[in-house]
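**Q**
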Amino acid sequence: MEVLDIRVVLAPGISLLCALLVFVLGRHDGWRATFTLGAALIKLVLILTLLPGSLEGVVYVYRAFDFPPGIGIAFRVDGLGMFFALVSSTLWVLTTIYAIGYMRDQHDRVRFFGFFALCVSTTVGIAFAANLLTLLLFYELLTICTYPLVIHDETPAALKAGRKYLAYTLAGGALILLGTVLVQHLAGSLAFGTGGLLAGAAGQPLLPLAFVALVAGFGVKACLMPLHGWLPTAMVAPTPVSALLHAVAVVKAGVFGLLRVIYDVFGVELLAGLGYTSWLAALAAFTILAASFAALAQVNFKRRLAWSTISQLSYIVLGAALLTPFAALAAIVHIANQAFAKITMFFVAGAVERTTGRTELRELTGLGHVMPWTMTAFTIAALSFVGVPLFAGFVTKWYLSLGGLQAGAWWVVLLMLASALLNAAYWLPVVYRAWFQPPRGLEPGVREAPLLLLAPALVSAAYVLLLGVSTRVPGMPFSLAEAAVRFVSGIGAAP
Amino acid sequence: MEHLLPLAAALPLVAAALLPAVAWRRPDAAWGWAVAVGAGLLGIVGLLLRRLLQDGPFSYAVGGWAPPWGIELRFDALSAFSLGIALVGVAVLVFSGRYAQAAVPPQRRAWYYSLLLVNLGGLVGFACAADLFNLFVCMELVSVSSYALVAAGGGRIAALAAFKYLVAGAVSSLLVLFAVGILHALTGSLNMADVALRLADVEARGPVLLALGALTAGFMVKAALFPLHLWLPDAHASAPSPVSAVLSALVVKLGVLGLARVLPLFAGLDWLVLAPLHEGLAWLGAIAIVAGALAALLQEDLKLMLAYSTVSNIGYIVLGLGLATPLAMTGGLVHVFYHALIKATLFLAAGAIIHQAGFRTLRDLRGVGRAMPWTGVALSLGVLAIVGLPPTAGFLGKWYLLLGALEAGRPGFAVALLAGALLIFVYYLRILNAFYFRAPLREQILAVREAPLSMLLPVMALALLCLLGGLFGSGPVALAALAAARLAGGG
Amino acid sequence: MDGGWQHLDYFAFVALFCIGLYVVLAKSNLVKKLLGLNIMETSVFAFIVTSGMVDGGTAPVVGPGIDAPFASPLPHALILTGIVVAVSITALALALIVEIKRQCGTIEADELKGAE
Amino acid sequence: MRRLLTALALAIVGAVMLAGLAGLPRPGDPAAPVHTHVAAHIVAHGVEDTGSRNLVTAVLLAYRAYDTFGEVVVIFAALAAVMVVLAPAAAPPPGKTAPPPSPAPAVAPSPVVGFVIRLLAPFIAAFAALVLWHGEALPGGGFQAGVILGALLVLLSVVMGRGLEQPLVPAAAARWLQAAGPLAFAAAMLIGLAGAGAVLGLPAEPAWGRHAVLLLLELGIGLGGAAIILGLYLQMRGH
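Protein chains in written order, with the numbering used here: chain A, 1 to 495; chain B, 1001 to 1491; chain C, 2001 to 2116; chain D, 3001 to 3239.
(1) Within 10 Å of its beta-carbon, does Pro3100/D have 16 or more other beta-carbons around it, so buried, or fewer, so exposed?
(2) Below 8 Å, can you find three or more Cβ-Cβ pairs linking the region 154-162 of chain A to the region 1380-1399 of chain B?
(3) Measure from the alpha carbon of Val1256/B to the alpha carbon of each residue in Val1208/B, Phe1266/B, Gln1299/B and Tyr1316/B, then state which is nearest.
(4) Out of Val3043/D, Val3154/D and Leu3217/D, state which residue places its alpha-carbon closest to the alpha-carbon of Gly3235/D.
(5) The beta strand (DSSP E) that contains Glu2/A, what's its start and end?
(6) Is Lys2033/C close to chain B? Criterion is C-beta to C-beta, closer than 8 Å.
(7) Can you find the residues in the same chain that come closer than 8 Å, C-beta to C-beta, to Leu1457/B, ignoring five residues on each side of it along the sequence?
(8) Out of Gly3023/D, Phe3143/D, Leu3149/D and Pro3206/D, which one is the CA nearest neighbour of Ile2079/C?
(9) Mind listing which residues of the region 1252-1280 of chain B have their C-beta closer than 9 Å to chain D's C-betas, in chain order?
(10) For a test of the three-state rule: what should DSSP assign to Asp1194/B, helix, strand or coil?
(11) Smallest Cα separation from Leu1432/B: which of Val1246/B, Arg1366/B, Met1455/B and Gln1444/B?
(12) Would a C-beta distance cut-off of 8 Å place His525/A and Pro325/A closer than the cut-off?
(13) Determine the chain C residues that contact Tyr1147/B at a beta-carbon separation under 7 Å, and present them in chain order.
(14) If distances are taken between C-alpha atoms only, which option among Ala331/A, Val87/A and Ile343/A comes closest to Leu51/A?
(15) By DSSP's criteria, Asn300/A is part of a beta bridge. Which residues make up the other side?
(16) Pairs of beta-carbons, one from the region 3022-3036 of chain D and one from the region 2059-2068 of chain C, closer than 8 Å: are there three or more?
(17) Strictly below 7 Å CB to CB, what residues from chain D border Ile1071/B?
(18) Taking only beta-carbon atoms, is Ala174/A less than 8 Å away from chain B?
(19) Are Glu3071/D and Val2084/C closer than 8 Å when you measure CB to CB?
(20) Is there a Cβ from chain C that is less than 8 Å from the Cβ of Gly1376/B?
(21) Would you say Ala1340/B and Gly1084/B are within 8 Å of each other, going by their C-beta atoms?
(22) Check Thr155/A in the structure and name its three-state DSSP category.
(23) Between Ala3227/D and chain C, is there a C-beta pair that is closer than 8 Å?
(24) Could you give the residue range of the alpha helix (DSSP H) that holds Phe1425/B?
(25) Contact between the region 61-79 of chain A and the region 104-112 of chain A is defined here as three or more beta-carbon pairs at a separation below 8 Å; is this criterion met?
(26) Could you give the C-beta distance for Cys1466/B and Thr1392/B, rounded to a whole number, given that I count them as a contact under 8 Å?
(27) Have a look at Ser1173/B and Leu1471/B and give me their C-alpha separation to the nearest angstrom.
(28) Below 7 Å CB to CB, which residues in the same chain sit around Ser1114/B once its five sequence neighbours on both sides are set aside?
(29) In whole angstroms, what is the alpha-carbon distance linking Gly357/A and Ala349/A?
(30) In the DSSP output, what is Arg1074/B paired with across the bridge?
(31) Assess, as a yes-or-no matter, whether the region 1238-1250 of chain B is touched by the region 1150-1160 of chain B under the definition of 3 or more beta carbon pairs within less than 8 Å.
(32) Let's test the definition: count the other Cβ atoms within 10 Å of the Cβ of Val24/A and tell me whether it reaches 16, buried, or not, exposed.
(33) From Thr1361/B to Leu1306/B, what distance separates their C-alpha atoms?
(34) With Gly468/A and Val395/A assumed to form a contact (beta carbons below 8 Å), what rounded beta-carbon distance in angstroms separates them?
(35) Mind checking if Leu2096/C is an interface residue toward chain B, Cβ cutoff 8 Å exclusive?
(36) Take the Cβ of Met3001/D as the centre, count every other Cβ of all protein chains shown within 10 Å, and call the residue buried at 16 or more, exposed below.
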């Protein structure tokens, strides 16, 4: 059932308005904080009001502009889009609070918060895009809006990272444009919601090119190896930006785009016949393992997080590539699981850096004694990554394994085990040293992180726990993901 | 009402001749006069366009002499480019008010406005011409005024560039005139529709081919299509910025529009296969996209970068004409219009920045974006548009060109186009980086003030059009599709 | 191609055109380039006027006692316009050369290239 | 070497042009399309349509008057172009000395020449008027008359030593005269609109109307042309 609803454009519109207000009136700290936080909250509420309908299977649509003629910029809220929008707007509230605390006394705060709001606006645009072109539009805008954030420090290293970031993502955008044009050419339409735009185009010689272009294009932001090179470099950005890149917006936009390509553009049935996805699954599996090994080798907190992100994202890609209902459920749910766990980690990394000036992992030793709350949040996130039951990460691993078995790919189970071990290998020692070894070389006055930095970390850590235990609670993200899977046509109902 | 068609071109031309006399006692009146005429032109073009959208293309027999005996003017989908001419014209004239005070010596100023009006009138006449010789006369109006305007600001580089431009332009005009002579000798007519009709019965192949070759070569020079672009960068970069805007946005389009006008003349010939010509144009266009972008990448001077970007963008348009499918030509023609708006935005914004800051290389201009926030926003919008980022106006042309390349079964051209677009992005990124994210090299930059309102207003208006033109772009696209259908259908 | 060469007039035109183009391309002196351009222009005008002539014709001025075949009046009118355009361009080019001479002290293209 | 290559390339261009032109109708062939189509119509109906016995004038000022309008503006643009290029810049470029203001002619014209030209002046002017007046009936017309008149003015300026600072025609009047051509056409456009129902049409009523319009155009072209030629001379004289 499709319902015309203005809230669909209001949601990205509010962040856009917020950005404009920040740019024009944002010189005053108080006003700026009010705008940013207010917009974040209003948007969250707005999206929550859409939630009940979404759970019942209502699809909200809105057509904004006829650009280009006949295709149009249009919005459409289905289960998958709702899920992504909900995750990103929840996290935006947390990140905003955190950023207000973190960016105190930094330069160019107007620019920072302006583009910050723009990023979130475009992210919701991506989530609500009703066709491939709208998706591409917001995807490109996201690239542009994150650039000033990545190079916020304006140091040579930051500028270099920015260049690398743009080179990767713009090339990816160009590939997506190519893919979009190919889809329009082959299918004559770009609108989502038909369960496979290209279903009628089987056997066309340009079909493989379209698949490669779209997957490679979105794969850049999804950090699919070997397209992942920009992410570790982009770690020079301020921590809230890293959080935004890793959890809320950029990388999630990449995997979200991949999900759209697989479920809405090509469709499960067509892909099952074509067999391209087995290659994609293999690539994802390779990325999971290789990135984990790379993470083991890192000694810097944020760099290890970057490699961990690359590894985690490929869970989602793998889930989508397996083309089975359980795997799809795992893929969608992991958007939230990874987001909350990872953003907790970043909040902790930033809090530690701001409070103690420490950025290396071995310097975390003993911090549990000084900053117990911060390290509690860290521990919860780490356990989730390892995949301990009752934590969010476990849900993903469980359903991904089930999905693998459904697809007859038993190696997925082994892969999950191996990944859990690797995660344990690079997170648990840090947890151990933080709690069970005495602090070293700390200046005497160091205490717990300030509330503005600590609270978001604790809230998101709590959410990680909640996600892990609430899979049977109606109205929680998991049920939404189930609803989404039901609507991904061709996959059938989840149990 | 229908009499407005001949008056559209006549208004600026007569006003141009009167301007020095009017401004003789009161030099300040020149600007007001020119702006008023520009506004009048915009109004007339608006009325013509409304009629076009209501009733379709319409003709006017000047003096009541029925074609082919007399001169016919025709306002069709291709002529709708007049809107671009009028919009850019008004913006440039308004912008010139403050700019010319600094850049054009006082004794030249009235003549400068006069030449600008001649240029605009010639352009509108060219867009509406349905007669080969009338086309030539309008082209010469534009050319003579353009050569001189390049040198209006003074300076040795400008004078040299103007001379170079003059020689290249005059030779290309001669080629066109030569072809007109041949066609007249073959058919005894000058009216384009009539020539096309009578050419179909001509048996001699040699002269037809020669005329086609001369027209193509002549208009290629006018359009600065690679490798015949050598006159362009210096001329566009050394002219006063408003003039650069007119040259880059409008005058080079003369060549493209001319090609689009004359190629259908030859479509009725059974024995003549235009495919090789189209193939050649497509390749030249693709090469121009990449070569222009690469050359722009090497420039340090802001206006030279923009000038080379014009070479690259002409490549887009010609590629569209060369692919010769309805979608591709729609893309090319839509880009004719939108590139005019975008490039005018960029040149005027660059002009405002150079005017305020007094520097013109990227190094010297570092950090200027913070000092001139509004101009900076306009420039950024223009940059995003020229790069072809959705939903700006620049995306539409790219989109239809890509679809057209696939429609023609040439995905290779689509890939080349995307590669070119990426290169373009890289060099525009250099501009944004320098203006916003690098520490200033010159301390004077910190004291630079925002441009005065008379400069800011036209720049902002154009920038807004670059954005809204994309979102509400169905009108231009529909017109371009109409023109493309006529082109593809053989005129 | 009816029976060999009846187009000697056009031969002269082509020769003039090529001479003019050669001067434009090969000569370094800007005034000479301009002269070359003028030669080219003249050649094209000659071509168009030639195409309008008629065997045994007179100037197209109608009057009592004049009714032979008339040369086509159209090319004459066109060429009058063409000449005016050419004169205008020549005037402008001369002005530019004067300006170049004043600014750079030379009007040789070779030396100007070095001076840039 | 470069010249050789240029010559070679041009030889090819020439050969291509010759090969192409060989297919044209023979020059002078009365059956060629040049004579049988539009020209034939003009020869047959020109006098009746326009009232001008000189068919070239009929084409210039009636059938293709719109082109001629453009042409007149091109002449004006040439003047504007020369002014824009040569009018003195406010500040001389640094490192260069300002050009000397309007140097006197290097060689003063001999008194004999001056006397002869002054003597001839009325006759030349009368001749110009004749050429202009008879433009409708004889070879001649506004452009030719304008050139003659312009040449006269230039000659007089030379022998009388009149430069920019003391022109023969006062500067304010010259500005209006230089616009005479386009102005005449603008007037003809309006007259045509009112009298013939078409821009640049020739009014059918009264009987002398179309002669008057043609004369107006000739006059505008002639005076404007002369004024522009004088203006060009004066501007270039300074250098």
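Using N, Cα and C, we set each Cβ at its ideal position, and we do this for glycine too. Keep in mind that this is a model prediction, so the values were computed, not measured.
**A** Walking through what the data contain:
(1) Along the fourth sequence, read from residue 1 onward, the residue named residue 3100/D stands at position 100. Reliability fails at Pro3100/D, whose pLDDT of 47 lies under 50, so the model's placement of it is uncertain and no value is given.
(2) For the pair of segments examined, the region 154-162 of chain A was found not to touch the region 1380-1399 of chain B: the number of CB pairs separated by less than 8 Å stays below three.
(3) Walking along the second sequence from the start, residue 1256/B turns up at place 256. Among Val1208/B, Phe1266/B, Gln1299/B and Tyr1316/B, the Cα nearest to that of Val1256/B is on Tyr1316/B.
(4) Position 235 of the fourth sequence, counted from the first residue, corresponds to residue 3235/D. Note that residue 3235/D is Gln in the sequence shown, not Gly. Distance check between Gln3235/D and each of Val3043/D, Val3154/D and Leu3217/D places Val3154/D closest, using alpha-carbon atoms only.
(5) The residue given as residue 2/A occupies position 2 in the first sequence. Start and end: Glu2 to Leu4.
(6) Here residue 2033/C is taken as the residue at index 33 of the third sequence, counted from 1. Closer than 8 Å to some Cβ of chain B, the Cβ of Lys2033/C qualifies, so yes.
(7) Here residue 1457/B refers to the residue found at position 457 when the second sequence is read from its first residue. Counting only Cβ-Cβ distances below 8 Å, and skipping sequence neighbours, we find Val1094.
(8) Here residue 2079/C refers to the residue found at position 79 of the third sequence. Of Gly3023/D, Phe3143/D, Leu3149/D and Pro3206/D, the smallest CA-CA separation from Ile2079/C is found for Phe3143/D.
(9) Cβ contacts with chain D: none found.
(10) Taking the second sequence and counting its residues from 1, the one referred to as residue 1194/B is at position 194. Here Asp1194/B sits in helix by DSSP.
(11) As a working note, residue 1432/B is residue 432 in the second sequence. The residue with the shortest Cα to Cα distance from Leu1432/B is Arg1366/B.
(12) Nothing in the structure corresponds to residue 525/A, since chain A is present only between 1 and 495.
(13) Numbered from 1 along the second sequence, position 147 holds the residue referred to as residue 1147/B. Per Cβ cutoff of 7 Å: Leu2092.
(14) Counting from 1 along the first sequence, the entry for residue 51/A is found at position 51. Cα-wise, what sits closest to Leu51/A is Val87/A.
(15) The residue labelled residue 300/A in the question sits at position 300 within the first sequence. Glu360/A, per the DSSP bridge assignment.
(16) Not touching, per the Cβ criterion.
(17) Your numbering for residue 1071/B matches position 71 in the second sequence. Against chain D, the beta carbon of Ile1071/B has neighbours under 7 Å at Arg3064, Tyr3066 and Asp3067, listed in chain order.
(18) As a first step, residue 174/A must be located in the first sequence, where it is residue number 174. It does: the Cβ of Ala174/A has a partner Cβ on chain B nearer than 8 Å.
(19) For the purposes of this step, residue 3071/D is identified with residue 71 of the fourth sequence, where counting begins at 1. For the purposes of this step, residue 2084/C is identified with residue 84 of the third sequence, where counting begins at 1. Yes.
(20) The residue labelled residue 1376/B in the question sits at position 376 within the second sequence. Not closer than 8 Å to any Cβ of chain C, the Cβ of Gly1376/B fails to qualify, so no.
(21) Locating residue 1340/B in the second sequence gives position 340, where the first residue counts as 1. Locating residue 1084/B in the second sequence gives position 84, where the first residue counts as 1. Contact flag set, yes.
(22) For the purposes of this step, residue 155/A is identified with residue 155 of the first sequence, where counting begins at 1. Coil.
(23) Translated into the one-based positions of the fourth sequence, residue 3227/D becomes position 227. False, the Cβ-Cβ gap to chain C never drops below 8 Å.
(24) Mapped onto the second sequence, residue 1425/B falls at position 425. Its alpha helix (DSSP H) spans residues Pro1411 to Leu1432.
(25) no
(26) Start at 1 with the first residue of the second sequence, and residue 1466/B comes out as number 466. Start at 1 with the first residue of the second sequence, and residue 1392/B comes out as number 392. Taking a contact as a CB-CB distance under 8 Å, the pair Cys1466/B and Thr1392/B counts as one, their CB atoms being some 6 Å apart.
(27) Sequence index remark: in the second sequence, residue 1173/B carries index 173 (1-based). Sequence index remark: in the second sequence, residue 1471/B carries index 471 (1-based). Distance between the alpha carbons of Ser1173/B and Leu1471/B is about 38 Å.
(28) The residue labelled residue 1114/B in the question sits at position 114 within the second sequence. Same-chain partners within the cutoff: Ala1016, Leu1019 and Pro1020.
(29) Taking the first residue of the first sequence as 1, we reach residue 357/A at position 357. Taking the first residue of the first sequence as 1, we reach residue 349/A at position 349. Rounded to the nearest whole angstrom, the C-alpha separation of Gly357/A and Ala349/A is 10 Å.
(30) Translated into positions along the second sequence, residue 1074/B becomes position 74. Beta-bridge pairing links Arg1074/B to Ser1059/B.
(31) Taking a cut-off of 8 Å for Cβ pairs, the region 1150-1160 of chain B and the region 1238-1250 of chain B touch, as three or more such pairs fall below it.
(32) The residue labelled residue 24/A in the question sits at position 24 within the first sequence. Result: exposed.
(33) For this step, residue 1361/B is matched to residue 361 along the second sequence. For this step, residue 1306/B is matched to residue 306 along the second sequence. Distance between the alpha carbons of Thr1361/B and Leu1306/B: 12 Å.
(34) For the purposes of this step, residue 468/A is taken as the residue at position 468 of the first sequence. For the purposes of this step, residue 395/A is taken as the residue at position 395 of the first sequence. With a Cβ gap of about 6 Å, Gly468/A and Val395/A count as contacting.
(35) Against the third sequence, residue 2096/C aligns to sequence position 96. Interface residue, yes.
(36) Position 1 of the fourth sequence, counted from the first residue, corresponds to residue 3001/D. Classification of Met3001/D: exposed, given that the 10 Å Cβ count is below 16.
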